[in-house]
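I have placed the structure first, in the form of structure tokens, so that the comments after it can refer back to it.
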């Protein structure tokens with residue numbers, strides 16, 4: 001395979017066809033790079049979607065924990081109010 005590529009390149013890069021050969025080689029390399037770039041972008045989009053999903057899950061968990069903490073604070077406030085009321089009632 002390498003021999004065929006080498007032979008094709010030497011045939012393309014003669015004095016008469018040097019510019020065309022360089023153009024063709026650069027076109028092929030650009031086309032190959034474009035395909036590699038496209039597949040890389042598709043993979044990165046998948047990674048970005050996974051990250052977005054993970055961040056959304058974290059945000060939901062934080063919201064639930066925040067609500068839970070607020071309920072605990074409310075319960076503690078009620079408990080302290082009850083204790084204070086009982087202490088005030090016994091002191092009277």
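Numbering (full-length UniProt numbering), first residue to last: 1 to 92.
For each residue, glycine too, the CB sits at the ideal point set by N, CA and C.
Residue i, DSSP secondary structure in three states
i, result
"residue 70", "helix"
"residue 52", "helix"
"residue 42", "helix"
"residue 15", "coil"
Through-space distance from residue j to residue i, alpha-carbon basis
i, j, result
"residue 16", "residue 31", "24 Å"
"residue 64", "residue 52", "18 Å"
"residue 87", "residue 62", "37 Å"
"residue 66", "residue 43", "35 Å"
"residue 59", "residue 48", "16 Å"
"residue 35", "residue 2", "21 Å"
"residue 94", "residue 84", "What the structure shows of the chain is the stretch from 1 to 92, and residue 94 is not part of that stretch, so it cannot be assessed."
"residue 38", "residue 69", "46 Å"
"residue 56", "residue 45", "16 Å"
"residue 27", "residue 33", "10 Å"
"residue 8", "residue 25", "10 Å"
Distance between beta carbons of residue j and residue i, contact taken as under 8 Å
i, j, result
"residue 13", "residue 21", "5 Å"
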